[in-house]
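Peer 1:
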Amino acid sequence: ASCGRKSAPVAPELVRPKAPGALSAASISDGIRLVWQRPLSYTSGHRMNDLGRFLIERSVGEDGEFVGVDQLEMDDRLRFRKERRLEWVDHDATLGELYRYRVTSETLDGDRSKPAGPVSIRHHEPPPAKKPEKTKEKDE
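Numbered per the working numbering, the sequence shown spans residues 11 to 150.
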């Protein structure tokens, strides 16, 4: 006798999550902000409910090696919300330095997507806030 419901085995590449979408980077006053879209399905097209985390990697310079710098964990509050836009800030970015970033999706079981990116950005001082111009009334 057997227990449980058996289904046909699924190829590993079909249970990998899709890569994060629309990865972009911006230099802000307290570091570099990455923004991306959370994938909703596996590479097979089936809906994904077990997204575990995003792995964030950074390299310094044009051809530096990518190194893991952080993980954005997906708790149930994040995993099931409708909003797909996620962001993370690299507070350790050095002014004037060129960085490349990539982000990988990972399921709770450890299946990883292909990385999104890389995106390149040089950390710079944001432009000063513009003061509203005073309008002068002309006397005629």
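Idealized CB from N, CA, C, for every residue including glycine.
Examine the Cβ distances between the region 61-75 and the region 117-130 and report whether three or more of them are shorter than 8 Å.
Peer 2: yes
Peer 1: So LEU33 packs on LEU44, CB below 8 Å; how close in whole Å?
Peer 2: Along the sequence shown, one-based indexing puts residue 33 at 23. Along the sequence shown, one-based indexing puts residue 44 at 34. About 7 Å; that satisfies the 8 Å criterion.
Peer 1: Output needed for PRO125: all residues of its chain with C-beta closer than 6 Å, excluding positions within five of it in sequence on either side, in chain order.
Peer 2: As a working note, residue 125 is residue 115 in the sequence shown. The residues are ARG112 and THR114.
Peer 1: Excluding sequence positions up to five away, which residues of its chain have a Cβ less than 8 Å from the Cβ of GLY78?
Peer 2: Sequence index remark: in the sequence shown, residue 78 carries index 68 (1-based). Result list for GLY78: LEU65, ILE66 and GLU67, in chain order.
Peer 1: Looking only at its chain, what residues have a beta carbon closer than 8 Å to the beta carbon of GLU75, apart from the 5 residues adjacent to it on each side?
Peer 2: Mapped onto the sequence shown, residue 75 falls at position 65. Answer for GLU75: SER69, listed in chain order.
Peer 1: How many Å lie between ILE131 and ILE42 at the Cα?
Peer 2: On the sequence shown, position 121 is the one that residue 131 refers to. On the sequence shown, position 32 is the one that residue 42 refers to. Going by the C-alpha atoms only, they are around 8 Å apart.
Peer 1: Give the secondary structure of ASP121 by DSSP, where H, G and I count as helix, E and B as strand, and everything else as coil.
Peer 2: Residue mapping note: residue 121 aligns to position 111 of the sequence shown, counting from 1. Coil, per DSSP.
Peer 1: If we ignore side chains and look at the alpha-carbon of each, how far apart do GLU150 and TYR109 end up?
Peer 2: Taking the first residue of the sequence shown as 1, we reach residue 150 at position 140. Taking the first residue of the sequence shown as 1, we reach residue 109 at position 99. With a pLDDT of 45 at GLU150, under the threshold of 50, the modelled position of that residue is not reliable, and no figure is offered here.
Peer 1: At 3 residues or longer, and completely inside the region 32-57: list those beta strand (DSSP E) runs for me, N to C.
Peer 2: 41-47
Peer 1: Here's a check: name, in chain order, each residue in its chain whose Cβ is nearer than 6 Å to the Cβ of VAL25, leaving out the five neighbours to either side.
Peer 2: Here the question's residue 25 lines up with position 15 in the sequence shown. TYR52 and ASP121, listed in sequence order.
Peer 1: Excluding the 5 residues flanking ARG95 on each side, which residues of the same chain have their C-beta closer than 7 Å to its C-beta?
Peer 2: For the purposes of this step, residue 95 is taken as the residue at position 85 of the sequence shown. Cβ within range, chain order: VAL45 and GLN47.
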